[in-house]
Every structure is written in structure tokens, then in C-alpha cells.
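Below is one structure, written out as C-alpha cells; comments come after it.
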Amino acid sequence: MSVRYVGRRLMTAVLTIGMIVLLNFVLFRMMPGSPERILLGRIPNVSSEVLQATRERWGLDKPLVPDQFVAYVGSTLGGDLGFSYGERGRPVAAVLEQHLWPTLLLFGLGEVVAIILGLALGAYSGWRRGGLIDHIGNGVSLVLYATPYFLLGMGLLLVFASGLHWFPTFGMSDVGRQYKDAFDQLIDIGRHLALPLATVSLGLVGQYAILMRSSVIETMTEDYITTAHAKGLTEGRVLRSHALPNALLPTVSLVAINLGYVIAGAITVEIVFNWPGLGTLTVEALESRDYPVLQGIFLLLSVTVVFANLAADLLYGILDPRVRT
Amino acid sequence: MIAPPMPIAQEAPLTPRRRGAGAITVLRELLRRPNGSIGVAILVIFSVFAIVPALFVGPLETVITADGPRLGPPSAEYPFGTDELGRSMLNLTVHATRISMVIGLLATLITVGVGVFVGILSGYVGGRFDAVAMRIADFFLVMPTFVLAIVLTAVIRDVVGSVSREIAGIRLSLLIIVVVIGLTSWSSTARIIRSQVLSLKERAFVDRARVIGASPGHIMLRHLLPNVTNLVVANAVLTFAGAILTETTLSFIGLGDPSQPSWGQLLEASQRASAPGLGAWWYFVPPGAAVVLVVFAFTLVGNALDEIMNPRRRARG
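In order, the protein sequences belong to chains L and S. This note's numbering applies: residue 124 is where the first sequence begins, and numbers increase by one. This note's numbering applies: residue 21 is where the second sequence begins, and numbers increase by one.
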């Protein structure tokens, strides 16, 4: 991988993050109410000294551009995102951190399960194109693709939680329960995690299966596959050592590109199960018009997606020698 | 003596002849395919619901006119059950068709309009405009646009103030959603159109038009636009599905308009009433099934159109 390739990808990522920060700044100024009130949130009895200190720190006495913008960028880079309206003036960064871990747990696991299942299903149905599994898988993938994640979650909740009582209906752990040991707590979280995790995985499997299927079909038309067949290799050998490694390549970047859409699903699944992550936080922030938190969520999620794309690009560069330019 | 100009137009028409005939051929091809005809059938049914909902279920029931049991299961009188206010779910679901479809349609028009405009201009003019426009398009492609849509909707609402005003018979709260969906999803259309225009503008008919003195505006409008129409239609169908999903999701997280129920709005209400936890499946299954059916139908039609119009896919089946 050449330095130029890495450099160009890095430049793109930095530029995109710059645009995100700029957009956040513009939105921030569009909002009703004076900026210092937004920054300080609804902290009661703000003394004039604190108000003055805030104005100075954020450069609100100075012109909008460049001084205020520079101050905004500076404090954002330093992790200072202002204060929450809803949570009694707690710093936004702290609120975000608290809600980040449940989301990471749910979606990290969901992605892993969906990638493994989706790629396996897609590879098989692409390989046995027109077969039974292919037909069923295709139909199911299409329907799953058309189903909003939260709807899937509502269905699972109805059947497995309120119908069969196998799993709890909401939250991440039983309220007010005393745990015997760490293992006991882990089991409890696991029982709460099962349904949201199933929802996320099911929602994603369809997309990954469709991607992998068309990638495998595309690869099967390549000359080197014909060559491998002509050499007299067995079917399985052709699939494992010739088709799959190449078919997997495009999915690397597609998974990263998909991440932006996955996040939309994340938000809604958490609402259905009352999972205390960033999605639930988004709705709470919307209801209480907690703009600093809303902007913090936007900043955090979009920067994450940019980094994921950067990582995918670099990984692709390592895996596929053809793009090392 | 100057030789009379060659009759260029005869050897290769500047704009495709029989454009109308082409559309009919495509429609016939579409209806001949099983996925296409099923998709079209579903969409026709829902379009009828959207145009004349009152014909099937009477006027939209409100809190005042509701007379059913609270959260009652399906019965002979209420085939889809009732919500927590005693309104018939059948009535609500059919009426919500109009809101969901209209928002989807308008958002698609904006998305495709902006996408085609930027795509053709970017591809034909090129240069600095192209560089800047594609940077912005890439930015929107990478961004989690749904989160941006949430923030934008919330902020625009507060800036605009009262959202119950109506513009051209549509409430402002719904128009904001339309505009936000349009603004956040044009980039992939622009990308697709641009790459098509890049290859089209190297073709002879564009050169000929330029040589006989056609202005760039004329070339883009009369020569390039008709040639990307197929692509635009196939793309618009899939965009429509995406727009309905986005609207449903935005309404579900509480950005809809309770007085103008869309499917997403009904789903939000059922979640708020914790219908899944109470086992009241009839509250969310009808609107949910409607969303899935319509999006599924659009995807079927979109795929069928792609198979018909994309010769590469046709060859591979």
C-alpha cells in the first residue's frame, strides 16, 4: 500500500470530519435562543460571573467568523460539547459516554452475528444459484430488507416476551435486583440482550446476504474461476480457495458503507426494547429538546462512520493489491 | 459553392424517437414478469387507498368520533381491532396510506429532482463545479444521513415555529419531513446520473449538437436528460421505497404529526401505548404490514425495471 493511497484516504476522512464540524456549528447557530443559554442548558440560577466566563471561553463576545468558529472547533476537539438540558446540566460528553457502551455491546455483537450468518448464507445461495436455499433466502432477504428494524423488534417482543414469557420486555437488567455474583449479573444482561440482539442481527442478515450473493455470482464469471475448473479442481476447492477470497473483498467496504444505515436501525431497536443506549437517548433528547445532546450524538455517530470507512479503505488496500495506487 | 449540409438528424436522431412507445414497451415487459406484476398490483391497490380512503372506511376517525372499545381485539365490527382511544385500526391504517404515500412521493420528487440536476450539471460541465458537487455528494453518502435528518427536522421545526400551518393543503410539519428527506438522500441519484452523463457526453450525438451551435443548457435539457430517463425512473422507484421507510422511521421516533397519521405515526402510537408488551398485536401489525408490503412492492418493481433496462443484467438473468 503506497503512502499516497493512505495519504489520500486520510485527507478525505479529515475533510469529511471538517465538514461535519462545520455543519454542526451552522446548526448550532440556527437554533432559537442565545448560544450561551444553549451551552449552559437549563442550569438554574446561573450567576453573571459564570455567564461571563462561558461567553469568554466560547468567544461569544467576538465575531461569528473566524473567532467563534475557531473557539467552537477548539473546544469540540477537546471533547467539550457543552451541557445537557435534560440531565440537569451534566456535560454532554459524560452523558454520551454513559449511553455509548450499551449501544456498542448491542450493535457490535449484532454486526458480528449478522456478518457471519449473512456472508455464509449469501455465499451458499450465490454458489448454488437457483437452488432451494437460494430461492427461500432471496425471498426472506427481500422481505427483511423491506421491514423496518423496529417492526421486527415489536414482533419478536410480542411473541417471545409478552407471549411466551421467555425474555423480559424492556431494559438492560432487572430493576432493583441484587446480584449474587458477576456471573448472575451477566446472565441477567444476557437475557435482556437476547431479543434486541436477535432483532439487529435479523435486520442486517438480509442485506449482507444480498451483497455476498451478488458478489459471489459476479466472481463466478471471472476467467480464473473457469481456469480453476479446467485444472480439474473439485467444486469445494474452487469455492474455498478461488471464489470466496475474491468475493469477500467488496463486502469489506460495503459493510462500512452500510454502517450509516445500521445506525438508523440502532436508534429504533433501542426504543422498542427500552435499551439504555444512544437510540433511547436520541428520543429523550428530542422530547426534551436537548439540542446539545442531540448534536453530540450526531457528531459522535458521524465521526464513527467516517473512521469506519477509513478503516475499511485501508483494509481493502491491504487485501486487494489492485487498488494500491 | 458550399455543399448542402448532410442530413445528420436522419442518420442518428438527436433525441430518441418514439419515446412514448418505449415507455409502453417497458410497462408491458414489466407486467410480463412475475415480480413486476405482483409489485405493480400491490402498488395499484395502495394508490387507490391513498386517493379515496373514505370510500372504503368512511371519514378519518378522531378522538371525538371514536366509538369502539379501548384497545379491543379484532371483532366483526372492528376487523383490525381498535387503538387505546377506541378508533378502528382499519380506518386509521387505510387513511394513513395517503399521508405515507404523499410524503414518499414528494420526497422522491425532491430527491430525484436535485439528484438529476446536480448529476447532469456535474457530469456535463465538469471542472470545479463537478469537484465541489461530488465532494458534497460523497459527504452525504458517507454520513449517517438518518441522524442528520433527525437533527435537521428538530432544528428546522423550532426555527419555523408553528408547524400546524398549511402550505398548499399540506401541513408544515409534514413538508419539513419531505424537504429533509429530499436534502439528505439526493447524493446517490446524483452519482448514478453523473456517471451515465460522463459516458453519454462522449457520444457522437452530443458532439453534433454542439457543432450545430446548441447551447449547453439545450444539450443538457434536450439531449442528455431524455437519455437518462430510464435510469431516473428505475432509481426513483427505489428512492420511493427508501423515502417511505425514512418517513416511517422518523415518525416512529416521534417526529411525525399526530393529527395527520401516517403508518409510522400509528406505529409510534402503538409503541407509546406499549402494544407489543400488552400483546395487542392488532395495533401495530396492520400499519406495519402496510409499510412492508409497499416497500417490498417498490423493491420488486425496481428490480424488475433494472432487469429490463440494464442489458448486462438481462444477459446474466
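We put the beta carbon where it would ideally sit given N, CA and C, even for glycine.
Asked: Do Ala324 (chain S) and Asn111 (chain S) have their CB atoms nearer than 7 Å?; Found: no
Asked: Mapping the DSSP letters down to three states, classify Ala300 (chain S) as helix, strand or coil.; Found: coil
Asked: For a contact defined as C-beta to C-beta under 7 Å, what are the partners of Leu232 (chain L) on chain S?; Found: Result: empty, since nearest Cβ-Cβ is about 20 Å, beyond 7 Å.
Asked: Let me know the secondary structure DSSP gives Phe186 (chain S) once reduced to three states.; Found: In the sequence as displayed, the identity of residue 186 (chain S) is Glu instead of Phe. Glu186 (chain S) falls in the strand class under three-state DSSP.
Asked: Compare the beta carbon distance of Thr173 (chain S) and Ile190 (chain S) with 7 Å and say whether it is the shorter of the two.; Found: no
Asked: In terms of alpha-carbon separation, which member of S:Leu286, S:Leu244, S:Val171, S:Val136 lies closest to Ala309 (chain S)?; Found: S:Leu286
Asked: Could you tell me the alpha carbon to alpha carbon distance between Ser125 (chain L) and Leu51 (chain S), rounded to whole angstroms?; Found: 51 Å
Asked: Against chain L, does Gly59 (chain S) count as a neighbour if the rule is that its beta carbon must be under 7 Å from one of theirs?; Found: no
Asked: Measuring straight from C-alpha to C-alpha, what distance separates Asp87 (chain S) and Phe230 (chain L)?; Found: 43 Å
Asked: Does any CB atom of chain L fall closer than 7 Å to the CB of Thr117 (chain S)?; Found: no
Asked: In angstroms, rounded to a whole number, what distance separates the CA positions of Pro164 (chain S) and Thr139 (chain L)?; Found: 12 Å
Asked: Output yes or no for whether 7 Å exceeds the beta carbon distance between Thr117 (chain S) and Thr259 (chain S).; Found: no
Asked: Would you kindly report the start and end of the unbroken alpha helix (DSSP H) that includes Arg177 (chain S)?; Found: 165-180
Asked: Measure from the alpha carbon of Met295 (chain S) to the alpha carbon of each residue in S:His238, S:Met109, S:Leu192, then state which is nearest.; Found: The residue asked about is misnamed: residue 295 (chain S) is Ala in this sequence, not Met. Nearest C-alpha to Ala295 (chain S): S:Met109.
Asked: Less than 7 Å between the C-beta atoms of Asp436 (chain L) and Leu372 (chain L), yes or no?; Found: no
Asked: Would you list the one or two residues that DSSP bridges to Ser191 (chain S)?; Found: A small fix is needed here, since residue 191 (chain S) is Arg in this sequence, not Ser. Its beta-bridge partners are S:Glu186.
Asked: Should Ser219 (chain S) and Ser120 (chain S) be called a contact, given that it needs their Cβ atoms to be closer than 7 Å?; Found: no
Asked: Could you give the DSSP three-state label for Thr102 (chain S): helix, strand or coil?; Found: strand
Asked: Nearest to Arg90 (chain S) by alpha carbon, out of S:Tyr303, S:Pro307, S:Met329, S:Leu63?; Found: S:Tyr303
Asked: For the alpha helix (DSSP H) that Leu309 (chain L) lies in, which residues bound it at each end?; Found: 305-343
Asked: Per DSSP, Pro339 (chain S) forms a beta bridge with which residues?; Found: With chain S represented from 21 up to 337, any question about residue 339 (chain S) goes unanswered, as that position is not in the structure.
Asked: Can you tell me whether Ala224 (chain S) is buried or exposed, with buried defined as 16 or more other CB within 10 angstroms of its CB?; Found: exposed
Asked: For Ala387 (chain L), would you say it is in contact with chain S, using Cβ-to-Cβ distances shorter than 7 Å as the test?; Found: yes
Asked: Would you mind reading off the limits of the alpha helix (DSSP H) that contains Gln301 (chain L)?; Found: First-last for Gln301 (chain L): undefined, no H or E at that position.
Asked: Of all the CB atoms in chain L, is at least one closer than 7 Å to the CB of Ala335 (chain S)?; Found: Residue placement at Ala335 (chain S) is flagged as unreliable, the pLDDT there being 46, under the threshold of 50; a coordinate-derived value is accordingly withheld.
Asked: Would you mind sorting Gln175 (chain L) into buried or exposed? The rule is 16 or more other CB atoms within 10 Å of its CB.; Found: exposed
Asked: Step through the CB atoms of chain S and report whether any lies within less than 7 Å of the CB of Arg139 (chain L).; Found: First, the amino acid is wrong: residue 139 (chain L) is Thr here, not Arg. For Thr139 (chain L), the answer is yes, since a Cβ of chain S falls inside 7 Å of its Cβ.
Asked: Once you ignore the five residues that flank Ile58 (chain S) on each side, which residues in its own chain have a CB closer than 7 Å to its CB?; Found: Leu320
Asked: Here's the rule: buried if 16 or more other CB atoms are within 10 angstroms of the residue's CB, otherwise exposed. What is Ala29 (chain S)?; Found: Below a pLDDT of 50, predicted positions are generally treated as unreliable, and Ala29 (chain S), at 39, falls in that range; no measurement from the model is reported.
Asked: Take Val138 (chain S) and list the residues in its own chain whose beta-carbon comes closer than 6 Å to its own, dropping the five residues that flank it on each side.; Found: Ala153, Ala210
Asked: Using 8 Å as the cut-off, can you tell me whether the stretch 263-278 of chain L makes contact with the stretch 324-337 of chain L, which would need three or more C-beta pairs spanning the two stretches below that distance?; Found: yes
Asked: Once you ignore the five residues that flank Leu377 (chain L) on each side, which residues in its own chain have a CB closer than 6 Å to its CB?; Found: Leu334
Asked: Return yes when the Cβ of Ala263 (chain S) is within less than 7 Å of the Cβ of Ala127 (chain S), no when it is not.; Found: yes
Asked: Would a check of beta-carbon distances place Glu31 (chain S) closer than 7 Å to chain L?; Found: Because Glu31 (chain S) carries a pLDDT of 39, less than 50, the predicted location of this residue cannot be relied on, and the following value inherits that uncertainty. Not an interface residue.
Asked: Round the Cβ separation of Thr226 (chain L) and Leu401 (chain L) to the nearest angstrom and send it over; I've been treating them as touching at under 8 Å.; Found: 5 Å
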